[in-house]
Amino acid sequence: MVQTKPKDPEKSGRLFGLGVGPGDPELITVKALRRLRESEVIAYYAGPRKRGNALTSIESWLREDQQRLPLIYPVTGRPPPPPFDYEGTMRAFYDASAERVAEHLRAGRDVAALCEGDPLFYGSFMYLHDRLADRFETEVVPGVCSVVASASVLQTPLVYRDQTLLVLAGTLPEADLERMLANAQAAAIMKLGSNFEKVRRVIMALGLGDRALYVERATMTNEQIRPLAEVDPTQVPYFSMILVPGERWQAA
Ligand SMILES: C[S@@+](CC[C@H](N)C(=O)[O-])C[C@H]1O[C@@H](n2cnc3c(N)ncnc32)[C@H](O)[C@@H]1O
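Numbering of the sequence shown is given in UniProt numbering, commencing with residue 1 and proceeding in unit increments.
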């Protein structure tokens, strides 16, 4: 690993929160790519023994001399039940991650923190932002979020004119999903994984089965689009989404 030199010990580095888009390396913005290539340190979240989708999607843009800073989640998937302290464990992890990033910033190195999609839309960068943005010069570069990327690959207009889009996490209790979806004009349901069967049950019960569209890993090389009824619930990845597009406008 190449060591980077502090630019000026008195001057802190800058923190860039970069939205890297939904997976296709070409869906990073020109601005995020410029900031990525300017940064000496590349910080990214990943599961144990994994590279993380954010790094994977933009690795082809990195140089050898850019230092990688993996931030490895202590828990992934469904959290263990109490007495395991999930919130406390994650808080300690985010505190420690922020301090690892801060060490580089204090040493004058610019750090690019990668985030799938957009950094401030359910993005992991938010936890670094909360802890560091008032201590160090910080810039957030928006990214193409998975909701609009999914609509693009599904080739479906998502909302017409004055329709409202509801964005939901599939992790919500079934009764909440049902109550909220019952009144939705259009919806995006994220965080499926092991929650898929529950979400599909709600969609079918509300008579939305004909309108709902499923995609996994939109824009990635292993993207899959399947009819909702044919999805095997045991095989649904976390990076998947169901869209219920708004009713087509009469003039469309
Ligand atoms: C923690 S959120 C991150 C959202 C991200 N910041 C964004 O702007 O899209 C993770 C959820 O985003 C959705 N997601 C992210 N990338 C996706 C992709 N390429 N295809 C489908 N869903 C995706 C999935 O529903 C996943 O559970």
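Glycine included, C-beta positions come from ideal geometry on N, C-alpha and C.
{"Query": "Is M190 a contact residue of ligand 1, with contact defined as CB to any heavy atom under 6 Å?", "Result": "yes"}
{"Query": "Give me the Cα-Cα distance between Y86 and L192, rounded to the nearest whole angstrom.", "Result": "20 Å"}
{"Query": "With distances taken between CB atoms, is the gap from V159 to A133 smaller than 7 Å?", "Result": "no"}
{"Query": "Among all the DSSP beta bridges, which residues are the ones paired with P70?", "Result": "Y44"}
{"Query": "Might you give, ordered along the chain, the residues of its own chain that have their beta carbon closer than 8 Å to the beta carbon of R201, omitting 5 neighbours on each side?", "Result": "E174"}
{"Query": "May I have the straight-line CA-CA distance separating P81 from P237, to the nearest angstrom?", "Result": "21 Å"}
{"Query": "Within 6 Å: the Cβ of R217 and any heavy atom of ligand 1?", "Result": "yes"}
{"Query": "Would you say D180 touches ligand 1, meaning its beta carbon is less than 6 Å from a heavy atom?", "Result": "According to the sequence as given, residue 180 is Met; it is not Asp. No, the beta carbon of M180 sits no closer than 6 Å to any heavy atom of ligand 1."}
{"Query": "DSSP beta-bridge partners for E112?", "Result": "With the sequence shown as reference, residue 112 is identified as Ala, and Glu is not the correct amino acid for it. According to DSSP, which records beta bridges pairwise, A112 is partnered with F16, I42."}
{"Query": "Tell me which residue opens and which closes the alpha helix (DSSP H) that Y94 is part of.", "Result": "86-106"}
{"Query": "Decide if S150 is buried, meaning its Cβ has at least 16 other Cβ atoms within 10 Å, or exposed.", "Result": "buried"}
{"Query": "Going by DSSP, what residue range makes up the beta strand (DSSP E) through E247?", "Result": "E247 -> no beta strand (DSSP E), and no H or E assigned at all."}
{"Query": "Cα-Cα, which of M241, S57, A46 is closest to S152?", "Result": "M241"}
{"Query": "Below 7 Å between beta carbons: does that hold for S12 and F136?", "Result": "yes"}
{"Query": "Using only the alpha-carbon positions, how far apart do L62 and R35 sit?", "Result": "11 Å"}
{"Query": "Expressed to the nearest angstrom, what Euclidean distance is found between the alpha-carbon atoms of F239 and T89?", "Result": "23 Å"}
{"Query": "Here's a check: name, in chain order, each residue in its chain whose Cβ is nearer than 8 Å to the Cβ of V141, leaving out the five neighbours to either side.", "Result": "F16, G17, L18, G19, T29, K31, A32, R35, P119"}
{"Query": "Select from S194, K50, R91, Q67 the residue whose C-alpha is nearest the C-alpha of T234.", "Result": "S194"}
{"Query": "Since L55 and S97 are thought to touch, with beta carbons under 8 Å apart, how far apart are those beta carbons, to the nearest angstrom?", "Result": "No, L55 and S97 are not in contact; Cβ-Cβ is about 15 Å, not under 8 Å."}
{"Query": "For R211 and P74, I'd like the C-alpha separation in whole angstroms.", "Result": "38 Å"}
{"Query": "Looking at the structure shown, is E223 part of a helix, part of a strand, or coil, going by DSSP?", "Result": "coil"}
{"Query": "Can you tell me the Cα-Cα spacing of L165 and E116, whole angstroms?", "Result": "21 Å"}
{"Query": "Hey, out of Y122, I58, P70, E40, whose CA is closest to R49's CA?", "Result": "P70"}
{"Query": "Measure the alpha-carbon distance for N222 versus R131 and round it to whole angstroms.", "Result": "35 Å"}
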